[in-house]
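This note's numbering puts the sequence shown at residues 960 to 1233. Just so you know, even glycine gets a beta-carbon here, dropped at the ideal spot from N, CA and C. Structure record follows, encoded as structure tokens.
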Amino acid sequence: MGCIFSVEEQRKVIYAGRNMMDSSQYYSKRTLDSHVLTYVLEGECNLKIGDKIVQAKKDCVFLQSAKIPFETIKKSPDKTATMYIHFAPNLNDSFFSSPPEDMKPPFVYVNTLVDASNNIEIKRNFIRLLEGYDSGDTVRQSAHLNIILNDLSKNHLYEDSAYALAMKIKKLVNDAIPHTLTNKEIAKNLNVSVRTAETTFKKCFDMSIHQYLIYRRVELAKFWLKFFPEQKISVTSSGLGFFDEYHFSRQFKAVTGMSPTEYKNMFISKDSAK
């Protein structure tokens, strides 16, 4: 879970500073109109951001995206120290549960929780941005913020290994079409348990492996129905690995809300229909 940012846009820092927390600080569920990046210098912060539980320890950065609800789930230890940056959302900023596969520069994806301990430049640029904020240098603030966002997007994620596994599962499913790999075959191929494969994929993409397979097949079917409407639906169905035309039609309608024939007819011109 995280947010997409363009690192080539001017950004407005609303305010930035340092904070020394104690166990009395507690946030009930709320939302903000701004994005907030927080660097934990000492101690830890425990929040729920959206549907994600975030436990940010020393040298971690967590992102609270604008309009996404958050709340404290556990009070921070005394003397928890942080640096924070509140910045205004830009038009192209977008919240996503996982990085889009088709994302290209200058857009980057920043996870809700990032381990910054192996990249000292992230901490240094936080400090430089705070210095720019104190001096009123808006150009410097924007430049350092974009550098921070870019570095965070490349840095180690806490769920990195889980997300990498989920992406490998996606690739196996995609490459196997029209054949269907069982979850047992997928798990064996990746040397993990079936339960690990299933729960990891569900956690990363909010759908089961089987649901994803159906989704991908339907997306491919939409392509064939749109650009090759003369092809028989039975051929499209068998070519994508559906059990039969009835099964294909039922799954297609469940995903798109219309039958394959109705979808295909949207792209057949009146002239060709005569």
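Any contact between the stretch 1173 to 1180 and the stretch 1195 to 1210? By contact I mean 3 or more CB pairs, one from each, below 8 Å.
Short answer: they touch.
Going by DSSP, what residues sit across from Met-1042 in a beta bridge?
In the DSSP output, where bridge partners are listed per residue, Met-1042 has Arg-977, Tyr-998.
State the DSSP-derived secondary structure class of Phe-1055, mapped to helix, strand or coil.
The answer is strand: DSSP assigns Phe-1055 an E or B state.
Just to confirm the assignment, what range does the beta strand (DSSP E) spanning Ile-1081 have?
Looking at the DSSP string, Ile-1081 is not in any beta strand (DSSP E); the run it does join, the alpha helix (DSSP H), is 1079 to 1094.
Going by DSSP, what residue range makes up the beta strand (DSSP E) through Val-1069?
Looking at the DSSP string, the run of the beta strand (DSSP E) that includes Val-1069 is 1066 to 1070.
What residue range is occupied by the uninterrupted alpha helix (DSSP H) comprising Glu-909?
What the structure shows of the chain is the stretch from 960 to 1233, and residue 909 is not part of that stretch, so it cannot be assessed.
Hey, quick one: how far does the alpha helix (DSSP H) through Leu-1184 stretch, first residue to last?
That run of the alpha helix (DSSP H) goes 1168 to 1186.
Helix, strand or coil: which one does DSSP assign to Asn-1114?
It is coil, neither helix nor strand.
So, using beta-carbon positions, are Asn-1005 and Ile-1044 closer together than 7 Å?
No, Cβ-Cβ distance for Asn-1005 and Ile-1044 is not below 7 Å.
Under the three-state reduction of DSSP, which class applies to Leu-1006: helix, strand or coil?
In this structure, Leu-1006 counts as strand in the three-state DSSP scheme.
Among all the DSSP beta bridges, which residues are the ones paired with Leu-1022?
Leu-1022 pairs with Leu-996.
Hey, could you find the ends of the alpha helix (DSSP H) Glu-1144 is sitting in?
Here the alpha helix (DSSP H) through Glu-1144 covers 1142 to 1149.
To the nearest whole angstrom, what separates the beta carbons of Lys-1017 and Leu-1000, a pair I think is in contact under 8 Å?
That pair is a contact at about 7 Å.
Reducing DSSP to helix, strand and coil, say where Gly-1198 ends up.
Gly-1198: helix per DSSP, three-state reduction.
Is it true that the stretch 978 to 990 meets the stretch 1122 to 1142, where meeting means three or more beta-carbon pairs spaced less than 8 Å apart?
With the cut-off at 8 Å, the stretch 978 to 990 and the stretch 1122 to 1142 do not touch.
With a threshold of 8 Å on Cβ separation, who are the neighbours of Leu-1088 within its own chain once the five nearest residues in sequence on each side are excluded?
Contacts found: Val-972, Ala-975, Ile-1044, Arg-1099, Gln-1100, His-1103, Leu-1104, Ile-1107.
Is it true that the stretch 1161 to 1172 meets the stretch 1204 to 1211, where meeting means three or more beta-carbon pairs spaced less than 8 Å apart?
Taking 8 Å as the limit for Cβ pairs, the verdict is that the stretch 1204 to 1211 does not touch the stretch 1161 to 1172.
Using only the alpha-carbon positions, how far apart do Ala-1079 and Ala-1146 sit?
Note that residue 1079 is Ile in the sequence shown, not Ala. Spanning the two alpha carbons is a distance of roughly 37 Å.
Can you tell me the Cα-Cα spacing of Tyr-1117 and Gly-1095, whole angstroms?
With a pLDDT of 47 at Tyr-1117, under the threshold of 50, the modelled position of that residue is not reliable, and the figure given next carries that caveat. Answer to the nearest angstrom: the Cα atoms are 34 Å apart.
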